[in-house]
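In the numbering used here, the protein residues as written are 32 to 317.
In this text, a Cβ means the ideal position worked out from N, Cα and C, and glycines have one as well.
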């Protein structure tokens, strides 16, 4: 049959409609324009996101921290929502995601997903009890603007991110220290965690990474180095795409050699006794 079209303006969530089973952004005066102006993160994930549902899963211990920070919020906006990991059950969730490939991988029954960017959220002021963003702020063209937009449309903001200005975690994390120093170049010019927190009046809370973390983000395998040799797992992490194939293959070759020779185990023998690691991940909570 014909695609279902639902107008949500009456719910205070303006200029959004359902077309062909997908939520698309529609702004007054924009005619048929549907996508936001910043497509960099969308283009990135349209390239690397094909295996995301396999390698990037909700880590329950991190999810518990995020969901607790949401408090009693009933309506939640998930910005940079990807395939839907970490969306809280039992709440009225609306998702925002610029990548068509990521939106297409959202499971059946997932929250409705709007094609929009963080820096220009198509909602009225204070439309939601809370807005959340998980492992996405570092992809935004203007993180400060995106966070302020979240603060505008929601009474509470919860953001899971990392401290790009803290070189300490990069020295503690053997992958960036010994094999992939190019990560530092990716962070040049990015706002510090303090600047992000100040922009929305948020407090900062450290988040430890469990040794058996289920979500395959960049730092997740800090005690399981063999995982970084798996091309399938690396494809689910944007860092590898951003540093480029030469740096990636050099790092993988060096790590493989050190695992075979025992050099990695000797250098990092203290990690075996740790159940969790502090590698710069933070919650921002207003």
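Quick one, which of the options has its alpha-carbon nearest residue i's?
i           : options            : result
residue 221 : 246, 112, 175, 248 : 175
residue 251 : 306, 102, 284, 161 : 306
residue 114 : 144, 178, 96       : 144
residue 187 : 268, 127, 98       : 98
residue 283 : 261, 172, 270, 309 : 261
residue 281 : 211, 234, 228      : 211
residue 233 : 189, 107, 299      : 189
Apart from the five residues on each side of it in sequence, which residues of its chain come closer than 8 Å, Cβ to Cβ, to residue i?
i           : result
residue 215 : 198, 201, 207
residue 238 : 93, 96, 191, 312, 313, 314
Could you tell me which residues DSSP pairs with residue i in its beta bridges?
i           : result
residue 235 : 315
residue 187 : 161
residue 240 : 308
residue 110 : 127, 164
residue 193 : 312
Could you please give the first and the last residue of the uninterrupted alpha helix (DSSP H) stretch that includes residue i?
i           : result
residue 198 : 198-203
residue 123 : Looking at the DSSP string, residue 123 is not in any alpha helix (DSSP H); the run it does join, the beta strand (DSSP E), is 123-127.
residue 214 : 214-217
So residue i is in the beta strand (DSSP E); what residue range does that whole segment cover?
i           : result
residue 160 : 159-165
residue 146 : 144-146
On the CB-based measure, 16 or more other CB atoms within 10 Å of its CB, does residue i come out buried or exposed?
i           : result
residue 303 : exposed
residue 243 : exposed
residue 177 : buried
residue 288 : exposed
residue 135 : exposed
residue 80  : For residue 80, the pLDDT reaches just 45, beneath the cut-off of 50, and the residue's location in the model is therefore unreliable, although a value from the coordinates is still provided. The residue is buried, with at least 16 neighbouring Cβ atoms inside 10 Å.
residue 164 : buried
residue 146 : buried
Residues in the same chain with beta-carbon distance under 6 Å from residue i, minus the five sequence neighbours each way, listed in chain order, please.
i           : result
residue 311 : 193, 194, 197, 200
residue 94  : 117
residue 152 : 180, 184
Could you pull out every residue in the same chain whose Cβ sits closer than 7 Å to the Cβ of residue i, ignoring the five residues on either side in sequence?
i           : result
residue 225 : none
residue 256 : 286, 290, 295
Tell me whether residue i, by its Cβ, gets closer than 7 Å to a heavy atom of the ligand MN.
i           : result
residue 142 : Among the ligands in the structure shown, none appear at all, so the ligand MN cannot be discussed.
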